[in-house]
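Numbering (UniProt numbering), first residue to last: 1 to 179.
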């Protein structure tokens, strides 16, 4: 898309008046559809689909005049591929029931707690030296997860309560009320 837009922009100053006019028409289509790479993906593919439609119908003569048909074709192919991938992703997610992640997370947490209780019980009732290496390893893994993988949210400083006031509240030389 960027290549097509830059080509059209460059052709706006073409010495041939007909070519410059064709570039103005295509540039207007680009402005009308407001394609932006920062858009949400479905919205962007929709805008590009509409732009391609305009270029292939009412702007076909201008596209041919500017010789930007390869850009339009490449843009259409890329947009179709993105749209196909988005639809595939949506179809894959149809089978996922709502709350499945929560249920899986709860099952994982339950299994972890059961394992912790089992290892602790075995370590207390049996030979602790057999389990100490495993316990040390799990403690390191849990610590790493808590510190790096799922870091806690830092508490923001309250700007209303600064540590040191910028202006002292107590004047050095108080005024005499009789003055």
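No residue lacks a Cβ here, since even glycine has one placed at the ideal position from N, Cα and C.
Could you tell me the alpha carbon to alpha carbon distance between residue 9 and residue 51, rounded to whole angstroms?
In the chain shown, counting from the first residue as 1, residue 9 sits at position 9. In the chain shown, counting from the first residue as 1, residue 51 sits at position 51. Each residue's Cα considered, the two are about 16 Å apart.
Quick check on DSSP: helix, strand or coil for residue 57?
Translated into positions along the chain shown, residue 57 becomes position 57. Correct three-state label for residue 57: coil.
Simplified DSSP state of residue 36, which is helix, strand or coil
In the chain shown, the residue the question calls residue 36 occupies position 36. Correct three-state label for residue 36: coil.
Same chain, Cβ closer than 7 Å to residue 128, neighbours up to 5 away in sequence not counted:
For the purposes of this step, residue 128 is taken as the residue at position 128 of the chain shown. By the criterion of a C-beta distance shorter than 7 Å, residue 128 is surrounded by no residue of its chain, once the five residues flanking it on both sides are discounted.
Is there at least one Cβ from chain D nearer than 8 Å to residue 143's Cβ?
Among the protein chains of the structure shown there is no chain D, as only one such chain exists.
Indicate whether the contact test is met: 3 or more Cβ pairs, each with one atom in the segment 21 to 30 and one in the segment 46 to 63, closer than 8 Å.
Yes, since at least three Cβ pairs between the segment 21 to 30 and the segment 46 to 63 fall closer than 8 Å, the two stretches touch.
Please identify the residue among 137, 96, 147 and 1 whose C-alpha is closest to the C-alpha of residue 68.
For the purposes of this step, residue 68 is taken as residue 68 along the chain shown, with counting starting at 1. Between residue 68 and the set 137, 96, 147 and 1, the nearest pair of CA atoms involves 1.
Here's a check: name, in chain order, each residue in its chain whose Cβ is nearer than 7 Å to the Cβ of residue 35, leaving out the five neighbours to either side.
Here residue 35 corresponds to residue number 35 of the chain shown, with the count starting at 1. Within the same chain, residue 35 has close Cβ partners 1, 44, 47, 48 and 51.
Beta-carbon proximity of residue 4 to residue 71, cut-off 8 Å
The residue labelled residue 4 in the question sits at position 4 within the chain shown. The residue labelled residue 71 in the question sits at position 71 within the chain shown. Closer than 8 Å, so yes.
Go ahead and pull the three-state DSSP assignment for residue 110.
Indexing the chain shown from 1 puts residue 110 at position 110. For residue 110, the secondary structure class from DSSP, reduced to helix, strand or coil, is helix.
Is the beta carbon of residue 131 less than 8 Å from the beta carbon of residue 118?
Along the chain shown, one-based indexing puts residue 131 at 131. Along the chain shown, one-based indexing puts residue 118 at 118. No, these two residues do not count as a Cβ contact at 8 Å.
To the nearest angstrom, how far is it from the Cα of residue 145 to the Cα of residue 135?
The residue given as residue 145 occupies position 145 in the chain shown. The residue given as residue 135 occupies position 135 in the chain shown. Each residue's Cα considered, the two are about 15 Å apart.
Any idea if residue 11 is buried or exposed, counting beta-carbon neighbours within 10 angstroms, 16 or more meaning buried?
Residue 11 sits at position 11 when you count from the first residue of the chain shown. Looking at its Cβ environment, which holds 16 or more other Cβ atoms inside 10 Å, residue 11 is buried.
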